[in-house]
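Enquirer: Residue numbers (this note's numbering): 1 to 628.
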Amino acid sequence: MAAEEDGQMDRRSFLERVGTVSTGLLLTGYGRAAEGAAAQRQAGAKKPNILFVFADQLRYSALGSSGNKVVRTPHLDRLAAEGLVFENAFANHPLCSPYRANLLTGKYGWANGVPDNEYVLWDNQVTLPQALKTAGYRSAFIGKWHLGTGPYPTQKRYGFDYLFASNCPNRHYGVIYHRNEAGPIKMDKFSPEGETDEAIRFIEDHRKAHGDAPFAVVVGWEPPHWPYDQYPQEFNTYDPARVDLPPNVPVQMAEFARREIAQYYGNVSALDAQMGRLLEALARLGIADNTIVCFSSDHGDHLSSHGYGKPMDNWMHPTMRASKATPYEESVHIPFLLRYPRVVTGGRRTRALFGSVDVMPTLLALCGVAIPQGVQGHNLAHIVTGTDGATPPDSVYLINMGTGWPNRARWVGCWRGVRTDRWVYARWNKPDEHAPVLFDRQNDPYELNNLAGNPAFADVQQGMEARLKKWMADTGDPFETGRRDEKGMLDLPFQLQPRWSRPAAFVSRGFGSAKTTLCRHGSERACLAPGVRTSPDSLRRIMRIPRVRGAKSHLPDANVCVILELTPIVRGSAWEVAWYADKSLHRQLPMFGKFRIAPGWAEPPAGRERNGQDDGLRRSPTSPAIRD
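#1: So D459 is in the alpha helix (DSSP H); what residue range does that whole segment cover?
#2: Mind listing, in chain order, the continuous beta strand (DSSP E) runs of no fewer than 3 residues lying wholly within the region 168-247?
#3: For N92, tell me which candidate among V359, D432, L490 has the shortest Cα-Cα distance.
#4: What beta strand (DSSP E) runs, 3 residues minimum, are completely inside the region 368-421?
#5: First and last residue of the alpha helix (DSSP H) that includes F256?
#6: Grouping DSSP H, G and I as helix and E and B as strand, with all else coil, what is V359?
#7: Opposite I142 in the DSSP bridges: which residues?
#8: Is it buried or exposed for G113, if we count other Cβ within 10 angstroms and need 16 for buried?
#9: Does the beta-carbon of P115, which I'm using as the reference point, lie nearer than 6 angstroms to any heavy atom of the ligand FAD?
#10: With burial defined as no fewer than 16 other Cβ atoms inside 10 Å of the residue's Cβ, what is the status of A325: buried or exposed?
#11: Does DSSP classify A551 as helix, strand or coil?
#12: Residues in its own chain within less than 7 angstroms of S166 by CB, not counting five upstream and five downstream?
#13: Residues in its own chain within less than 6 angstroms of H434 by CB, not counting five upstream and five downstream?
#14: Report the three-state DSSP secondary structure of Q495 (helix, strand or coil).
#15: What number of angstroms, rounded off, separates the C-alpha of R619 from the C-alpha of G374?
#16: Within 10 angstroms of the Cβ of G109, are there 16 or more other Cβ atoms? Answer buried if so, exposed if not.
#17: Can you give me the start and stop residues for the beta strand (DSSP E) that D56 sits inside?
#18: Quick one: residues in its chain with C-beta nearer than 6 angstroms to the C-beta of G194, no 5 flanking neighbours on either side, listed in chain order?
#19: Would you identify the three-state DSSP class for R78, choosing helix, strand or coil?
#20: Output yes or no for whether 7 angstroms exceeds the beta carbon distance between H333 and Y60.
#21: For S296, which beta-bridge partners are listed by DSSP?
#22: Which one of R483, P224, P192, Y162 has the shortest CA to CA distance from H299?
#23: To the nearest angstrom, how far is it from the Cα of D239 to the Cα of C294?
#24: Can you tell me where the alpha helix (DSSP H) with Y99 in it begins and where it stops?
#25: Among the residues of its own chain, which have a CB less than 7 angstroms from the CB of P232, if the five just before and after it don't count?
#26: Can you tell me whether V85 is helix, strand or coil according to DSSP?
#27: Quick check on R349: buried or exposed, where buried means 16 or more other Cβ atoms within 10 Å of its Cβ?
#28: According to the Cβ coordinates, are V396 and Q376 closer than 7 angstroms?
#29: Taking A458 and P327 to be in contact with their CB atoms under 8 angstroms, please state how far apart those CB atoms are, rounded to whole angstroms.
#30: If you draw a straight line from the alpha carbon of L104 to that of V126, how long is it in whole angstroms?
#31: Who are the near neighbours of R207 in its chain, counting only those whose CB is closer than 7 angstroms to its CB and skipping five residues on each side?
#32: Here's the rule: buried if 16 or more other CB atoms are within 10 angstroms of the residue's CB, otherwise exposed. What is V243?
#33: Kindly say whether P436, judged by its beta-carbon, lies nearer than 7 angstroms to any beta-carbon of chain D.
#34: Could you tell me the alpha carbon to alpha carbon distance between T420 and P392, rounded to whole angstroms?
#35: Rounded to the nearest angstrom, what separates P445 and G136 at their Cα positions?
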């Protein structure tokens, strides 16, 4: 079979041959580095374990190993000193769910089914844990999953044997998990601490039950993602006046940014302590030498750089409610540390360009496992082992496919970009809303001077544009040729996870038959007549939404569609529905996000029936975070 002779197998071949692939099945065309690592395994060496840990929204500059003189990360710094530091590691698609899809498939969003947050990964492809299973690995994912809500039967685990996961909590205490199909399970402690407990327990149980059989554990911590103030107070040691505020933070946002960065660093130090526990467990179990340990992040965080705010900052222009998913340094540049003592010489740093789609093929090659057919990332195992191999790419392809989950059409927009060691270039599919950017990072490391359109740099821009078009051609990206929907997203068979899909529900015409319909995203719905008064608890029971202890009138993780005619029904301290239909109109309005319900019905203030926003909602200045 030609595909297998080239070191690649399709999905059917993988699934038919689970557990039968030789540890010596190697890939041709990727250089002698992978072959050298394979030779050691063929000689009888054990297959390496994998411990892959990543934080959420941790930017490259926020580690001591990246040169930060303020933040304290002693365990991660030790990991860097004992292994390899990728100084040019980037999130190809700097957003939560798309990164996870990159990691599991080695593909970009148009090829794996995840163009934005809350989409379903296509099942016609081989994932990282499925590929590892062919070589006898047992695998687990622990932490923030963000590829679907629990419970997690086999078909929702994408090849992992074990999930202890929460989809997207946006809180670091009191997180609700599912353990495969079992749950919900509430954990009151700091979520990374509890997740580290679970990861260590899985490794210990695996060793007891399966001996030296290899394992692969992926741990996804949510911090330092907001809310920044939720972390153990023992790490609340950073003075806002002493943080390293970059010069690309507007002066109007400086004081606010300093406070956020101080809290952000508290989260980072808290994660560092948990990384220390994981490293200690590997040493205690005597498996550190034969375990590939990686630490990285799904993307960065602007933290006010370039004037960007958060998705919930509705006083800002829509294009500035970002914090990530932009081509800027703060968003795309991520840490990547790798330690593998048995094979990799420590104390090294590399400037090789490395993207999140490259992780899967590189890890598989280091483990001597064939790379699945269709993987778009590059195998850089020879960079890891420090041996000869193919010249790595001279750039990284950067993308944003979505307009913001799932209906913020004017968010950061759809763009494509290229990052080299010196230059960054990006352009949008709607240039009237977003102008192209070109930055010289050698002379402008904070990306303050946009050179796009500058005649003096026309040759540079043309060269970067040529690289961009080559990436499009090489990866089959339909950015310029594909049909788009009304929001500007590529019109491909992407599927929102069922929980976030629009429900089909409509109201009746006419005053006499007017009714109000509340519909949870999914199949459950309840109808109430206008003017009926109800309490939050009654509404919760009607909607079959479980009450969470200690949360007054709060519907945690409840994403509700409110369809109104004549009478608005819900008014809250943080969200206020400012839309309703008159006698001749009736509309369908999905309302996304968390909100509070005040008892009883409420008429909107006079003159505020509609405010002209695309989603039909008026938000107060204290509105909470949209799921992101």
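Heads up, the beta-carbon is just placed ideally off N, CA and C, and yes, glycines get one too.
Note that this is a predicted model, so its numbers are computed, not measured.
Expert: In this structure, then:
#1: 458-475
#2: 175-179, 182-187, 215-224
#3: Nearest neighbour of N92 by Cα position, chosen from V359, D432, L490, turns out to be V359.
#4: 396-400, 415-419
#5: 254-284
#6: helix
#7: According to DSSP, residue pairing for I142 in a beta bridge involves F164, V219.
#8: buried
#9: In the structure shown, the ligand FAD is absent, as is every other ligand, since no ligand is present at all.
#10: So A325 counts as buried.
#11: With a pLDDT of only 33 at A551, under the threshold of 50, the placement of this residue in the model should not be trusted, and no figure is reported.
#12: K144, W145, V175, I176, Y177
#13: Within the same chain, H434 has close Cβ partners G413, W428.
#14: coil
#15: Confidence is the limiting factor: at R619 the pLDDT is only 27, short of 50, which leaves the residue's position unreliable and the question unanswerable from this model.
#16: buried
#17: Looking at the DSSP string, the run of the beta strand (DSSP E) that includes D56 is 49-56.
#18: M187
#19: When DSSP states are grouped into helix, strand and coil, R78 belongs to the helix group.
#20: yes
#21: F54, F336
#22: P224
#23: 30 angstroms
#24: 96-105
#25: For P232, where only same-chain residues beyond five positions count, the Cβ hits under 7 angstroms are F190, A270.
#26: strand
#27: exposed
#28: no
#29: With 8 angstroms as the limit, A458 and P327 do not qualify as a contact, their Cβ atoms being about 20 angstroms apart.
#30: 9 angstroms
#31: Cβ neighbours of R207 beyond the five flanking positions: L285.
#32: buried
#33: Looking at the structure shown, chain D is missing, and only one protein chain is on hand.
#34: 12 angstroms
#35: 45 angstroms
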